[in-house]
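See below for the structure under consideration.
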Amino acid sequence: MDANKLLQIIGALCLLILLCGDCEKHFKEDPLHIIAQKQVPSTQIISKMLEKYYTSVRTRESVTSFEDIGMKTSSDLLTDMLVSVDSFGAVGDGITDDTEAFEDAWNEACSSLFSVFFVPQEKMYLVKPINFSGPCLTPLTVQICGTIVAPKNPDVWEKTHSNHWLLFSGVNNLAVGGGGVINGRGQTWWAQSCKINKTNPCRSGPTAVRFESINNLQVSNLIIKNSQQFHLTFGNCFGVEANYLRVSSPKYSPNTDGIHITASKYVMVKNSIIGTGDDCISIVSDSFDIVVQNITCGPGHGISIGSLGKGNSEAEVSFVVVDSVYIHDTTNGLRIKTWQGGSGYARGITFQNIYMANVSYPIIIDQYYCDSPNKCPNQTSAVRVSEIGYFNIRGTSATEEAIRFACSESVPCENI
């Protein structure tokens, strides 16, 4: 490695240290942050899965070529690597549309060496649906120190035909953090939901923050709240670490899952506080090697595997560990839910070291799940549920039915 490249990397590290020290201050002053910081000793199962995960990270494709950037001082490099949305015309008053400035800043950061896409603190940026797409030239950091807010009017999404608000796609080696706030301002969406008012037409809302087709992703130190529907999703991702997040919306907000994992592998969600109107964490088909650890969940619908097998589809989920979780004031605790008529499997799932308080239905396996206004027909095919472990589960149930296993007659649960 020549002197220019070494200088650039040192500059990048210095910049990140400076940013992290300043931007995360207001997040760490949150009174609940101490809960997220509580560490729980890892179990043998967790250790094995983490070893498997980090092995996958080490074997990933890394950057091997760089352009000649010429001789620069460390100060020059710090300035060059920091790509602020303000430098591209963002106003940050919460009223002016800053979408174009965010797009221009992203294009600059994505096409530059070791850049930091920077959203300054103490400002509020109004951003419409946007796609932060890759591939990018080198690993990229997104530092959100301020607040990003969504348009209040759902008609904005009708014009763009998008099912997301902030989408990151095809960007490998990405780190997103900074201690800032992402506010979906979903109150109008909730009021128009058919689950709130049955006379309203049923339609899906956008996901607030969506990561799609990304290898080697870190998301940490963010507050994501009041999403239109799902708050944070990982789809078709490989090697994800989500850490020190606070995800929140009122308990009456419909379909506002906290963290949703689909078609992804080697995902770790830990040290976070989640309270929404739906599942705190949901894990659905084609997801493998998932670790959920040291989470506070509530209000909401608990932690769910599924739903799986809807519309006679095939579903596969395996090697999931949910460890050291506090669940409170939720309708469900630990739930596996599958539709009749589906196929595939949910297996190798372990729930351990769980404490529940005021949970209506603490432990559920439901192979007759039917989230539909109409009665679901009886079908013989089912997603096979097997090798499910519950260890050291404690707490209080808000109903007399603490455990419910509604297993299929044709494809019954096995090895529970």
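Residues -23 to -1, 1 to 393 (mature numbering (1 follows the signal peptide of the UniProt record, and there is no 0)) are what the sequence shown spells out, left to right. Note that beta-carbon positions come from the ideal geometry of N, C-alpha and C, so glycine has one too. Just so you know, these numbers come straight off a predicted model, no measurement behind them.
Inset, instruction - Within the same chain, show all residues whose beta-carbon is closer than 6 Å to that of T137, passing over the 5 residues directly before and after it, in chain order. - result: Mapped onto the sequence shown, residue 137 falls at position 160. When the five nearest sequence neighbours on each side are left out, the beta carbons in the same chain lying within less than 6 Å of the beta carbon of T137 are those of P106, in order along the chain.
Legend entry - Pairwise C-alpha distance: Q205 and residue 467: No statement about residue 467 is possible, as the shown extent of the chain runs from -23 to 393 and does not include it.
Inset, instruction - Using 10 angstroms around the beta-carbon of S349, count the other beta-carbons present and answer buried if the total reaches 16, otherwise exposed. - result: For the purposes of this step, residue 349 is taken as the residue at position 372 of the sequence shown. Exposed, because fewer than 16 other Cβ atoms sit within 10 Å of the Cβ of S349.
Legend entry - Per-residue DSSP class, three states only, for S241: Taking the sequence shown and counting its residues from 1, the one referred to as residue 241 is at position 264. Coil, per DSSP.
Legend entry - Residue from E218, N213, I267, I173 with nearest C-alpha to residue 397: Limits of the chain in this structure are -23 at one end and 393 at the other, which puts residue 397 out of reach.
Legend entry - Contact under 8 Å by Cβ, V298 with L285: Sequence index remark: in the sequence shown, residue 298 carries index 321 (1-based). Sequence index remark: in the sequence shown, residue 285 carries index 308 (1-based). No. Outside cutoff.
Legend entry - Other residues of its chain near C179: CB distance less than 7 Å, five sequence neighbours each side excluded: Here residue 179 refers to the residue found at position 202 when the sequence shown is read from its first residue. Excluding sequence neighbours, C179 sits near C171.
Inset, instruction - Buried or exposed for K352, please, with buried defined as at least 16 other CB atoms from any protein chain shown within 10 angstroms of its CB. - result: Stepping through the sequence shown from its first residue, residue 352 is reached at position 375. Exposed: under 16 other Cβ atoms inside 10 Å.
Legend entry - 8 Å contact criterion, which F111 and N140 should meet: CB distance rounded: Your numbering for residue 111 matches position 134 in the sequence shown. Your numbering for residue 140 matches position 163 in the sequence shown. Note that residue 111 is Gly in the sequence shown, not Phe. Going by Cβ atoms, the distance from G111 to N140 rounds to 19 Å, so no, they are not a contact pair.
Inset, instruction - Return yes when the Cβ of G254 is within less than 8 Å of the Cβ of S226, no when it is not. - result: Here residue 226 refers to the residue found at position 249 when the sequence shown is read from its first residue. Here residue 254 refers to the residue found at position 277 when the sequence shown is read from its first residue. Between S226 and G254, the gap from beta carbon to beta carbon is short of 8 Å.
Inset, instruction - State the CB to CB distance for the pair K202 and G277, rounded to an integer number of angstroms; the pair is presumed to be in contact (CB under 8 Å). - result: For the purposes of this step, residue 202 is taken as residue 225 along the sequence shown, with counting starting at 1. For the purposes of this step, residue 277 is taken as residue 300 along the sequence shown, with counting starting at 1. Actually they are not in contact, since the Cβ atoms of K202 and G277 sit about 13 Å apart, beyond 8 Å.
Inset, instruction - Give me the Cα-Cα distance between M333 and D306, rounded to the nearest whole angstrom. - result: Taking the sequence shown and counting its residues from 1, the one referred to as residue 333 is at position 356. Taking the sequence shown and counting its residues from 1, the one referred to as residue 306 is at position 329. Going by the C-alpha atoms only, they are around 8 Å apart.
Legend entry - Inter-residue spacing [alpha-carbon to alpha-carbon] between F95 and R361: Start at 1 with the first residue of the sequence shown, and residue 95 comes out as number 118. Start at 1 with the first residue of the sequence shown, and residue 361 comes out as number 384. A straight-line Cα-Cα distance of about 46 Å links F95 and R361.
Inset, instruction - Could you tell me if D343 is buried or exposed, where buried requires 16 or more neighbouring beta carbons within 10 angstroms of its beta carbon? - result: As a working mapping, residue 343 is identified with position 366 in the sequence shown. It counts as buried.
Legend entry - Cα-Cα separation, I191 to E377: The residue you call residue 191 lines up with position 214 of the sequence shown. The residue you call residue 377 lines up with position 400 of the sequence shown. Approximately 44 Å between the Cα atoms of the pair.
Legend entry - Spatial neighbours of residue 397 in its chain, beta-carbon cut-off 7 Å, leaving aside the 5 residues before and after: This structure cannot settle anything about residue 397, because the visible part of the chain is limited to -23 through 393.
Legend entry - Rounded separation between S358 and C122 - CA only: Taking the first residue of the sequence shown as position 1, residue 358 is located at position 381. Taking the first residue of the sequence shown as position 1, residue 122 is located at position 145. Going from the Cα of S358 to the Cα of C122 covers about 49 Å.
Inset, instruction - Would you give the residue range spanned by the beta strand (DSSP E) that A152 belongs to? - result: Walking along the sequence shown from the start, residue 152 turns up at place 175. Residue range 151 to 154 is occupied by the beta strand (DSSP E) that includes A152.
Inset, instruction - Throw me the rounded Cβ distance for the G366 and R312 pair, which I believe falls under 8 Å. - result: Start at 1 with the first residue of the sequence shown, and residue 366 comes out as number 389. Start at 1 with the first residue of the sequence shown, and residue 312 comes out as number 335. In fact, because the Cβ distance is near 15 Å, the residues do not count as touching under 8 Å.
Inset, instruction - Alpha carbon to alpha carbon, how far is V224 from L199? Give it in angstroms, no decimals. - result: As a first step, residue 199 is located in the sequence shown; it is residue number 222 there, counting from the start. As a first step, residue 224 is located in the sequence shown; it is residue number 247 there, counting from the start. Rounded to whole angstroms, L199 to V224 spans 8 Å at the Cα level.
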